[in-house]
Structure formats: C-alpha cells, structure tokens
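Below is one structure, written out as structure tokens, with a few remarks after it.
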Amino acid sequence: MFKSVFAKYITAFILIIFISFSMMLSIIVSLVNNYSVNIRSEIVKSAARSAESYLTLRFEEADSYDLRDFVLENYTDVNNIMESVAKKCDGVSLMLADRSGNLILYAHPEKSGYFQTPIFLPADMHELLLDKQDARSVGTLSGVFESAYISYATPMLDDEANYCGSVIASTSGSSVETLLNKMIKTIFISSLWILIAVLIAVYFITEMITGPLREMNKAAKKFGSGRFDIRVPVRGNDEVAELAKAFNDMATSLDNFENTRNTFMANVAHDLRTPMTTISGFIDNILIGAIPKENEAYYLGIIKEEIKRLSRLVSSLLDITRLQAGDRKLVMADFDICELARLILISFEQKIDSKKLNVEFDCEEERMTVNADRDAIYQILYNICDNGVKFARNGGDYRIRIQNADKKKILVSVYNTGEGISPDDLPHIFERFYKADKSRGVDKNGVGLGMYISRTIIEAHGEKIWVESKHHQFSEFFFTLPKGSQN
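Sequential numbering of the sequence shown, starting at 2, is according to the working numbering.
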C-alpha cells in the first residue's frame, strides 16, 4: 500500500497519535463525568438532609401526625424552609413526599407550590425510604423533569422513629453535560493543534531519517552503472549516520576493488602477452633456422619456463574461480606439518644459497600432526615460503617456526628480514589482485592472487592467517591449523 518509508512513518505516527488522544479523551471524559456526578450528588445529598433536619424539627413541634396535614396547616413555614435551602444550593430543587411516596410540595429558587396531579416516587426509591434508608436516582423522577436529573431522597422520621415521608433534592444533569461538552471541545481543539505540531515535527524527523536513505538509494543505482566515486553525506552520530558511513566504506572498497581489478586485468594481459610473444618469437626463429642448432636447446628451455609461467597464471585463475564458486572441497586428513615444511624448505635450497640467507628451521616437537587438507596447506606454505625467500634481502635472516598455539591449535610462521611491507599496503595484503610490489621489480611473475587464495583456504579450515611487518626491516606471516588426533 505504502511504497515509501516516509509515507509509512507519517501514517504510523498519525495512527498512534489518533489512538493515544482518543484513549486520553475517553479517560478524561469518564473521570470528569464521574467527578461531576459525585460532586452534584454530594450537593443534593447535603440539601436533602439539611431540609429534612429543619422540617423534622418543625414537624415534631406540631400536633399533626400526618405529613400532608402538617404541610396544609404549616404551608408558609414549610415553604420558607424549602426555599431557603434551595437558594443556598445553586441549581437544586426540593420536593416533599408523604408516607405513600406521593409528591406533595416542590420548591425551586424561582418558584414553589403544590403538585397539582398525583406523582409517585419511583418504586425502587420508595422501597429504600420505607426501610428508612437514603435513596439516589438519575432520571426524570417519574416524569417530574423533562431530562435526566440527579435526585437524592432522605426519609423523615417522627419522634417514635416511624417513617412519615421524605425530602427529595434534585439537580439537573445538563450542567455536567455542558461541562463535559466544553471540556471535549477544548481537548479536541488542543489535540488538533498538538497533532499539527507533532505532524510538522514528524515530517522533519522522518525527512532526517529517510533523506539519507534516498541519497543512498540514488548512489546505489549509480554504482550499478559503474560509478563508484559517489559518496553520501554523513550527518550526526546516530544509526543512520553509521549506515551512511558503512555505505561510504563499501563504496570505497568497491572503488578500490575496481581499480585493483583494472590493474589486475592489465597485469594479466601483460603476463599473458609477454610469454606468448617470447614463445612465438623463439619458435618462429627456430622454424626459419635463424637460431643455430647448437643453441636450440637453450631457447627451448626458455620457452619451457615461459610455458610454466603461463601454467601458473592459469592455475591461479582457476583456483580463484573454484574458491569463489565453492567447488573446491577440502579433503581433511592427519599429516606431519613439520615434514611438509622441511620438504618445502629443501625445494628452495638453490634460491636460498644464491641469496646467502641465514636459515633457521624451528619445530617445537619432532613430529607435529595437524588435521587439514594436505595439498591445500602445501600450496599455502609454499606460496608464503616462496615470498619469504623472494623478498628477503641478500645475507638476511629467514626462519620457519612451528609451535603449539594452545591445546587444540598449531601455529606456523615464516619470517624474513628485508624490505617488509609498508603501512599503506599492510591492510590490503590478503585482498584479491593486490600487489605490494606494484613496480613488478622483485615479483615479476605474481598477479596478486596468492595471499588471497591462502586466506580463503585457511578460513575454509576455520582458522586464521595474519601478517606482522615493519617497513624496511622484516615481515612475518602466521597461520593456525587444528591439531591432529595423533598429537
């Protein structure tokens, strides 16, 4: 129904405010109504009892035993008493009823007199009065009033405590209704202004929330067209600001990845073109006889190395494709990581000798078993050791160390002294296509996939890989592996 977050927020706030004010209005009206009725009830109760006390005292002084006869004989006194009480209690009417519940006399602040037609009290009130109890009623009082009145009746007793009649005090319920109507009108108008003010506030608050979201939506659409230079403004320190910051960080990562990908494509194109050009040139020269027979073996050796270089590049690309697709499954088994590291170290003997490196191989125990994919770990350790030799300075230190990290893990590290890794390159060393040696001066054959592949494989084992380095001094790569069952 509502497509935008803005419309949903506005609608939700309007409903909440409407329901809240409706509930508040209902509660206030109920409380005020009860309070007003109770106040008016107390007024008529006080008036009825006050008139009853005066009339009972006068009735006891008279010789009459019938209330109707007493009223006929002492009309002036009775009427004066009732009018006096009625005037003191604003808006109260007083009535006098005989023993049978027949209304005899009435007194209003403006007029008073006899009831011309027989009118009896409601039966429920009369029954209570016969039991010498006060009675309360809300209604027309058997048709005496045209609208609902609050009436209170109190019994009159003679000197022998016999019921002889009752005094009834009544007040109009319209005063309560008028008060309620005024209050409802006031609350409604106040609520309307509050609603307008709240809606204005909600509009700006919602705009503050949805504005950045709309900007992010526009930026995301531009990302789809390949524009990763777009950034959204970060305002404040709330969750939306955190989202905007994360969005910008993502944009920066995408931008960096795009730049890295472009660099990678250029490097791959170069790495493919160079050996292919070399191979093509040498083969053409051999075919046309430009290279002497005695030198063909030498140039065929060069061609072989270039083919190996192409093979490594294609293998790396296939590895990264399989890893991304999740097609490379780990074959877990127990094996001796120390033995594997020794075999790899021996394979670098010529390179180590040529650079005159000071080698240290430190295995905490003679045999240390890990549970992992042996081929995958061989690929990782070979790549890290190869980089360690490649980037070590001539005559520098080179160390492979294998030790217990804790009761469940083994820590493998490869250390070398040399150029190290710059602080700018260090956070990106395990990213795809990233090459710290951008000049291709030392690492001529690399395409920036080895460390990414290593990280992906280690994480597939549920382990960690990291690097510590000080620029122009040293680098040391670490990774953990789970211990095997034979440890």
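All C-beta atoms, glycine included, are put in the ideal place defined by N, C-alpha and C.
Residue i - DSSP class collapsed to helix/strand/coil
i    : result
K9   : helix
T481 : strand
G282 : helix
S440 : Legend: pLDDT at S440 = 44, less than 50; position of this residue unreliable, value from coordinates given subsequently. Coil.
I403 : strand
D363 : strand
K219 : helix
A267 : helix
G421 : coil
G166 : strand
F475 : strand
D250 : helix
S312 : helix
V38  : helix
D398 : strand
K445 : For K445, the predicted structure reports a pLDDT of 47, less than 50, and the residue's modelled location is therefore unreliable. The matter cannot be settled from this model.
N372 : strand
S226 : coil
S21  : helix
S54  : helix
S171 : strand
I190 : helix
G237 : coil
I289 : coil
R232 : coil
G144 : coil
I345 : helix
K133 : coil
Extent of the continuous alpha helix (DSSP H) to which residue i belongs
i    : result
D376 : R375 to F392
G451 : G451 to A461
Limits of the unbroken beta strand (DSSP E) element including residue i
i    : result
V139 : A136 to G140
I151 : Y150 to L158
I411 : K410 to T418
E469 : I466 to K471
S355 : Taken as a continuous stretch (DSSP letters only), S355 belongs to no beta strand (DSSP E), being part of the alpha helix (DSSP H) at E350 to K356.
M333 : M333 to D337
Best match in the options for proximity to residue i [C-alpha to C-alpha]
i    : options                   : result
L412 : T418, Q404 and G419       : Q404
M209 : Y299, N238 and D354       : N238
S42  : S113, D135 and L158       : D135
D285 : E295, R274 and L301       : L301
A393 : I11, D335, C364 and K356  : K356
K410 : R402, G397, T370 and N395 : T370
S54  : I82, R228, S316 and N35   : I82
L142 : L95, A13 and I385         : L95
T12  : I353, N182 and Y204       : Y204
I454 : D256, I378 and S101       : I378
G419 : F229, N395, N34 and T211  : N395
A108 : R100, A52, L68 and F71    : A52
V315 : R456, L450, S470 and I206 : L450
Y399 : E367, K352 and T187       : K352
F19  : I105, Y164, V139 and F189 : F189
I303 : S281, L319 and I289       : S281
Y164 : L73, A406, S138 and D99   : D99
V468 : S423, D335 and R274       : S423
L106 : D125, M277, P123 and E84  : E84
Residue-chain proximity (residue i, chain C), Cβ-Cβ < 8 Å
i    : result
S348 : Chain labels in this structure do not include chain C; a single protein chain is all it has.
For the segment 475 to 487 against the segment 457 to 467, are there 3 or more C-beta pairs whose distance is under 8 Å? yes
Can you list, in chain order, the stretches of the beta strand (DSSP E) that have 3 or more residues and sit fully within the segment 56 to 129? 93 to 99, 104 to 108 and 113 to 115
Inter-stretch contact at 8 Å, needing at least 3 Cβ pairs: the segment 306 to 313 / the segment 339 to 353: no
Segment contact, 8 Å Cβ cut-off, at least three pairs: the segment 118 to 137 with the segment 55 to 75: no
Using 8 Å as the threshold, is the segment 188 to 208 in touch with the segment 140 to 156, meaning 3 or more CB pairs across them? no
Validate contact between the segment 201 to 220 and the segment 24 to 43 using beta carbons, cut 8 Å, 3 pairs: no
Using 8 Å as the cut-off, can you tell me whether the segment 378 to 391 makes contact with the segment 420 to 429, which would need three or more C-beta pairs spanning the two stretches below that distance? Output reads no: the segment 420 to 429 does not touch the segment 378 to 391.
Is the segment 155 to 162 touching the segment 114 to 127, taking contact as three or more C-beta pairs under 8 Å? no
Please confirm if the segment 42 to 52 is in contact with the segment 71 to 91, defined as three or more CB-CB distances below 8 Å between the two stretches. yes
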